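Asker: If you read the sequence shown in our numbering, its first letter stands for residue 218, the second for the next number, and so on.
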Amino acid sequence: MTSGRVTVYFAALLARTEDGWEASDTDLDNVETLADLADLAREAAVDEDTVLVYIEQEEAWFGLVRVDGEDDPRTYVSDAAAAARSSYGAMLTDELTDRDAEADLDRLVDLDGTEDGEPELGDDDDTDASGEAVPPGPLGDAELVADLGISARELRALGEDALSEIADALGCGEVLEAVR
């Protein structure tokens, strides 16, 4: 809960298998970095095949992370400025903008472990915790699912129901709805 508001996140894993795609919702409580997220995806992979991690903050932004075996993860965020204002979104945008999230955390956490000096960001503020500008709109590799049938243009056009549209394009919409 933040300032009397509840921030609602949803995360799902879509893992390709011999028989199609498997979908599962996932808990991100122990995920602090993109590397942690990639490890979570690799654990869900079958024979090091493709896994898509989908994260959304209700009505604000969504992010996709694609992990193919031991390759570096590929990332896309629908609205970087909005994502940078949330914990899971900042994890993605920090990587995409080459920012150092640990340096920001060190700046915000006093030696006694209490958070101090964190700026209050309004809904129209396009800065992250360090005060650096984060570009509004999409950020990252919009081609990360092009070979799966969703072009960069189609990905950028996705809205509130992006996960369902992605799952439908992959042919696993019904499987996803069973875990949602």
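Beta carbons: idealized from backbone N, C-alpha and C, even for Gly. Small disclaimer: the values here were computed from a predicted structure and weren't measured.
1. Quick check on Glu235: does DSSP put it in helix, strand or coil?
2. Is the Cβ-Cβ distance between Val351 and Ala297 less than 8 Å?
3. Quick check on the burial criterion: 16 or more other C-beta atoms within 10 angstroms. Buried or exposed for Val362?
4. Thinking C-beta only, is Val268 closer than 8 Å to Ala232?
5. Less than 8 Å between the C-beta atoms of Ala369 and Glu360, yes or no?
6. Check Gly286 in the structure and name its three-state DSSP category.
7. Which whole-angstrom value is the C-beta distance of Leu309 and Ala300, which I expect to be below 8 Å?
8. Is the beta carbon of Leu230 sitting closer than 8 Å to the one on Thr243?
9. State the beta-bridge partners of Leu313 as determined by DSSP.
10. In the DSSP assignment, find the unbroken beta strand (DSSP E) run with Glu273 in it and report its ends.
Answerer: Based on what the coordinates show:
1. Coil at Glu235, not helix or strand.
2. Cβ distance < 8 Å, so Val351 and Ala297 count as in contact.
3. Buried is the call here.
4. Yes, Cβ-Cβ distance for Ala232 and Val268 is below 8 Å.
5. Judged by beta-carbon spacing, Glu360 lies within the 8 Å limit of Ala369, meaning their Cβ atoms are closer than that value.
6. DSSP places Gly286 outside both helix and strand once states are collapsed to three, so it counts as coil.
7. Contact flag correct, Cβ pair sits at about 6 Å.
8. Yes, Cβ-Cβ distance for Leu230 and Thr243 is below 8 Å.
9. When beta bridges are read from the DSSP output, Leu313 appears opposite no residue.
10. Segment 267-274, the beta strand (DSSP E) holding Glu273.
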